[in-house]
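Worksheet for the structure shown next.
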Amino acid sequence: MITKPKGTYDVLPPESLKWEKLETTVRKVCKLYNYKEIRTPIFESSEVFHRDVNDTSDMVTKETYDFKDRSERGITLRPEGTAGVARAYVENKLYVDNSVTKLFYMGPMFRYERPQKGRNRQFNQFGVEALGSDNPLLDAEVISLGASLIRALGLKDVSVKINTLGDEESRNKYREVLVSHFTKYKDCLCEDCLNRLEKNPLRILDCKVDHDKDFFKTAPKINEYLNDASKERFNTVLEALDNQGLKYVIDDNLVRGLDYYSDTVFELVVNIPEFGAQNVIGGGGRYNKLISQLGGPETPGVGMAFGVERLIMAADYAGKNLQPKEQIHAYFIALGKKAEMACLKAINVCRIGGLSCEMDYKEGSLKSQFKKADSNNALFTLILGDNELNEGKINIKDNTTDSQETINIEEVYNYILTKVTAQNPCGSCNK
Ligand code: HAM
Numbered sequence: 000m001i002t003k004p005k006g007t008y009d010v011l012p013p014e015s016l017k018w019e020k021l022e023t024t025v026r027k028v029c030k031l032y033n034y035k036e037i038r039t040p041i042f043e044s045s046e047v048f049h050r051d052v053n054d055t056s057d058m059v060t061k062e063t064y065d066f067k068d069r070s071e072r073g074i075t076l077r078p079e080g081t082a083g084v085a086r087a088y089v090e091n092k093l094y095v096d097n098s099v100t101k102l103f104y105m106g107p108m109f110r111y112e113r114p115q116k117g118r119n120r121q122f123n124q125f126g127v128e129a130l131g132s133d134n135p136l137l138d139a140e141v142i143s144l145g146a147s148l149i150r151a152l153g154l155k156d157v158s159v160k161i162n163t164l165g166d167e168e169s170r171n172k173y174r175e176v177l178v179s180h181f182t183k184y185k186d187c188l189c190e191d192c193l194n195r196l197e198k199n200p201l202r203i204l205d206c207k208v209d210h211d212k213d214f215f216k217t218a219p220k221i222n223e224y225l226n227d228a229s230k231e232r233f234n235t236v237l238e239a240l241d242n243q244g245l246k247y248v249i250d251d252n253l254v255r256g257l258d259y260y261s262d263t264v265f266e267l268v269v270n271i272p273e274f275g276a277q278n279v280i281g282g283g284g285r286y287n288k289l290i291s292q293l294g295g296p297e298t299p300g301v302g303m304a305f306g307v308e309r310l311i312m313a314a315d316y317a318g319k320n321l322q323p324k325e326q327i328h329a330y331f332i333a334l335g336k337k338a339e340m341a342c343l344k345a346i347n348v349c350r351i352g353g354l355s356c357e358m359d360y361k362e363g364s365l366k367s368q369f370k371k372a373d374s375n376n377a378l379f380t381l382i383l384g385d386n387e388l389n390e391g392k393i394n395i396k397d398n399t400t401d402s403q404e405t406i407n408i409e410e411v412y413n414y415i416l417t418k419v420t421a422q423n424p425c426g427s428c429n430k
């Protein structure tokens, strides 16, 4: 038997209904905030992600799926959405209309990570990116959108952790003091942190190996090194969150795992002990250099992404049922070949008119076909035998009331539609 690759999974029905529900909710929330959908390729030229030789993030240095295609082009499966969206923004010159471009996306991402609950090699993200303005209110808008999604999904115990990495001047000053602090403990640093010490010392604060050691706790904090502009900017983000009644916790060790961030960074963390380290359901921040790194004009950006699997797990945990009961309008039971053809004709009329129908292509026994009508949650079961067929009639059972009658086969569509519309005035929808 050929099995799925390590770190991947199949989403089977009815679980897939949760995904549908989540996607519908995402779209509704994005509409409220006026974010438009963008779809970018699942693979990109490797330079989109491997932009900077000094990048120290695990994602870029250790986790990308890189390969050469048959023409020896360097290709990378996207490990995240932001860089691909930035590439598309530059390539399609979305900056020309001089307004803020607000985009959202959903889809699979790929990271060669050690798989465990809530951490996969192929996983899905829902993300938003707002490009073209450095206004701190936009940082708060992105967080507010995340909070709205969490509310709409009915998740519980989610907190927002927020920090600022300051502007370039502040970060340079902070970088110097961090280097001199951690250099004193060079012998105690893990291999990754030694590398970060040279290339991006801020990311040492993100180390999962050493973070409990004393010299981490005594490390200088960014807020002591922010210049006035960075302080003011961060305070405005916080004021905008307060203004919307959004709760947050300032975490001065939060630096995020990717190298492109500046100023605001944040994470949404769910307090579920079973989730362990996978309790970060989403995160994001500001990235004002990414667009120019990809060859575009200097353009500020801010965004956020959620792990879809983690959102679904958190909804399950909160007892929020994202899985609506699926129903069909009609299940047809045909007794014999001629009856099958006649049912097919009626089914076609119903489906064209927007009614969902099913019949048993396996031609099972009457009993097993009734069972299938049941397991499909059919609103009506229709039975067509030779006698009815000769008279142009069909038996129809209303499964809600258990009542049964015989009607003309040509009337099936109108009969069901009238009943369904009476029960559900929004039309042929059966949800
Ligand atoms: P990230 O923190 O790397 O940020 O990923 C965002 C979310 O994706 C995480 O919080 C987590 O829920 C989910 N995630 C990441 N890796 C995995 C995995 N291996 N398995 C399951 N879920 C995972 C970004 O990707 C940035 N692009 C976010 C962003 C958008 N920043 C600005 N704009």
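Letter 396 of the sequence shown, counting from 1, is numbered 395 in numbering that gives the first Met the number 0, and no numbers are missing.
Yeah, the Cβ is synthetic: ideal placement off N, Cα and C, and Gly gets one too.
So what does DSSP say about residue i, is it helix, strand or coil?
i, result
"GLU128", "strand"
"PHE48", "coil"
"MET358", "strand"
"LEU321", "coil"
"ASN270", "coil"
"ASN429", "With a pLDDT of only 42 at ASN429, under 50, the local geometry of the prediction cannot be trusted, and the value read off the model is given with reservation. ASN429: coil per DSSP, three-state reduction."
"SER291", "helix"
"ARG86", "helix"
"GLY80", "coil"
"GLY284", "strand"
"TYR412", "helix"
"GLN381", "Gln is not the amino acid found at residue 381; the sequence shown has Leu there. LEU381: strand per DSSP, three-state reduction."
"GLY302", "strand"
"ASN143", "The identity of residue 143 in the sequence shown is Ser, whereas the question assumes Asn. Of the three classes helix, strand and coil, the one that applies to SER143 here is helix, per DSSP."
"GLU14", "coil"
"MET105", "strand"
"ASP315", "helix"
"GLY275", "helix"
Are there 16 or more other CB atoms within 10 angstroms of the CB of residue i, so buried, or fewer, so exposed?
i, result
"GLY145", "buried"
"ASP258", "buried"
"CYS189", "exposed"
"SER56", "buried"
"ARG255", "buried"
"ASN423", "exposed"
"THR399", "exposed"
"THR81", "buried"
"ASP191", "buried"
"MET0", "exposed"
"VAL10", "exposed"
"ASN97", "exposed"
"ASP262", "buried"
"LYS35", "exposed"
"LYS17", "buried"
Do residue i and the ligand HAM come close, with the Cβ less than 6 Å from some heavy atom?
i, result
"PHE109", "no"
"ALA304", "yes"
"ARG309", "yes"
"ASN119", "yes"
"GLN124", "yes"
"ILE41", "no"
"VAL59", "no"
"THR81", "yes"
"GLY282", "yes"
"VAL99", "no"
"VAL268", "no"
"GLU112", "yes"
"VAL279", "yes"
Give a yes or no on whether the C-beta atoms belonging to residue i and residue j are separated by under 7 Å.
i, j, result
"TYR184", "PHE214", "yes"
"VAL301", "LYS160", "no"
"VAL268", "ASN278", "yes"
"ARG170", "LEU177", "no"
"LYS155", "ALA314", "no"
"PHE265", "ILE142", "yes"
"LEU416", "ALA341", "no"
"PRO114", "GLY6", "yes"
"GLY83", "THR298", "no"
"LEU383", "ALA338", "yes"
"PRO135", "THR63", "no"
"LEU378", "HIS328", "yes"
"SER45", "ASP65", "yes"
"GLN121", "ALA304", "no"
"GLU128", "LEU148", "no"
"ALA151", "THR23", "no"
"HIS180", "ALA218", "yes"
"TYR260", "GLY352", "no"
"TYR414", "ILE406", "yes"
Taking only heavy atoms of the ligand ZN into account, decide whether any of them is closer than 6 Å to the Cβ of residue i.
i, result
"VAL10", "The model on display carries the ligand HAM but not the ligand ZN."
Examine chain D for any beta-carbon lying closer than 7 Å to the beta-carbon of residue i, and answer yes or no.
i, result
"THR400", "Structure shown: chain D not included; a single protein chain is present."
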